[in-house]
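S.K.: So the sequence shown is residues 10 to 230, counted in the working numbering. Ideal placement from N, C-alpha and C gives every residue a C-beta, glycine not left out. Before I ask anything, here is the structure I am working with.
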Amino acid sequence: MKTIAIVGAGAGLGMSIAKKFGQNGFRVALIARNEEKLNQLVIELEQSGIEAAPFQADILDKDQIARAFAAIKEKYGFIDVLEFSPTPSINTVAPTLDVTEENALYQFQFNVLGALTSVRQVLPEMLEKQSGALLFTTGGASVHPVPRMGNVGIAISGLRNYIFNLNSELSDKGIYAGHLSIGIWMQPNSGVQDKIADIWYDMYSKRDRVEEFITAKRIEE
């Protein structure tokens, strides 16, 4: 059985991704900061017949991330898929004219350094096995500048650059790196999250494109 590790797991898109991959033979390792919420997600997945386990870590803490991945490997062994989709609090978002060194650095640490640390936990084994996938989910500002997402856009557009470089370096080594940029508002319980999870699984399975930009039209297809 394969294993997917979801960094930044939550009740919305993260849960939809967990269910989609779980329904296709994956065990699910959920990583997030709030242990109580993690436990609730695990219970829900297990009730759906999906094997899952919680691993508490703060995305801003490199050591906590490393310990969480070590625990996943101890429990499940090889991690076949890393899905990285933590969402910063709205309180940390600054529009363009309010961007400072401090709030820009925060988003860089949250989005870029968190991704780098997570990738480093799984990539050596993937390279050894010539197998695996690295999936990154970001907001639309990674592709199209959004002034109200000033500090976030600086970070996630840089992350997107890294993802494309990963794909270039790893595509001939049996490892897929992909990016899904969400340019729509995901209302809770709207079903949009499930459709996005379907797109992610299609990208993972086919490995025929590096990126998709999610619009309302794309969801309706």
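1) Just mark residue 202 as buried or exposed, buried being the case when its beta carbon has 16 or more other beta carbons within 10 Å.
2) Ends of the alpha helix (DSSP H) at residue 16?
3) Can you find at least 3 beta carbon pairs, one from the region 121-131 and one from the region 70-81, that sit closer than 8 Å?
4) Spatial neighbours of residue 104 within its chain, please: CB distance less than 8 Å, with the 5 preceding and 5 following residues excluded, ordered by chain position.
5) What residue range does the alpha helix (DSSP H) around residue 30 cover?
6) Between the alpha carbons of residue 186 and residue 214, how many angstroms are there, rounded?
7) Is it buried or exposed for residue 99, if we count other Cβ within 10 angstroms and need 16 for buried?
8) Do residue 85 and residue 38 count as a contact pair if the criterion is CB distance below 8 Å?
9) Which whole runs of the beta strand (DSSP E) in the region 104-150 are 3 residues long or more, in chain order?
10) Mapping the DSSP letters down to three states, classify residue 167 as helix, strand or coil.
11) Using DSSP's beta-bridge definition, name the partner residues of residue 38.
12) Nearest-angstrom Cα distance between residue 22 and residue 28?
13) Specify, as a first and last residue, the run of the beta strand (DSSP E) that residue 93 falls within.
M.R.: So, from the data block:
1) By 1-based counting over the sequence shown, the position of residue 202 is 193. Buried, because 16 or more other Cβ atoms sit within 10 Å of the Cβ of residue 202.
2) Within the sequence shown, residue 16 is the residue found at index 7, counting from 1. Premise fails: residue 16 lies in the beta strand (DSSP E), 11-16, not in any alpha helix (DSSP H).
3) The region 70-81 and the region 121-131 touch, with three or more beta-carbon pairs separated by less than 8 Å.
4) Indexing the sequence shown from 1 puts residue 104 at position 95. Only 156, 157, 158, 159 meet the Cβ criterion.
5) Position 21 of the sequence shown holds residue 30. Its alpha helix (DSSP H) spans residues 22-31.
6) For the purposes of this step, residue 186 is taken as residue 177 along the sequence shown, with counting starting at 1. For the purposes of this step, residue 214 is taken as residue 205 along the sequence shown, with counting starting at 1. Their backbone Cα atoms lie some 12 Å apart in a straight line.
7) Looking up residue 99 in the sequence shown gives position 90. The residue in question, residue 99, is exposed, as its Cβ has fewer than 16 Cβ neighbours within 10 Å.
8) Along the sequence shown, one-based indexing puts residue 38 at 29. Along the sequence shown, one-based indexing puts residue 85 at 76. Yes. Within cutoff.
9) Segments of the beta strand (DSSP E) lying fully in the region 104-150: 141-148.
10) Residue mapping note: residue 167 aligns to position 158 of the sequence shown, counting from 1. In the structure shown, residue 167 sits in a helix (DSSP, three-state: H, G or I).
11) Along the sequence shown, one-based indexing puts residue 38 at 29. For residue 38, the beta-bridge partners assigned by DSSP are 14, 62.
12) Working through the sequence shown from its first residue, we reach residue 22 at position 13. Working through the sequence shown from its first residue, we reach residue 28 at position 19. Here the alpha carbon of residue 22 sits roughly 10 Å from the alpha carbon of residue 28.
13) The residue you call residue 93 lines up with position 84 of the sequence shown. From DSSP, the beta strand (DSSP E) with residue 93 extends over 90-93.
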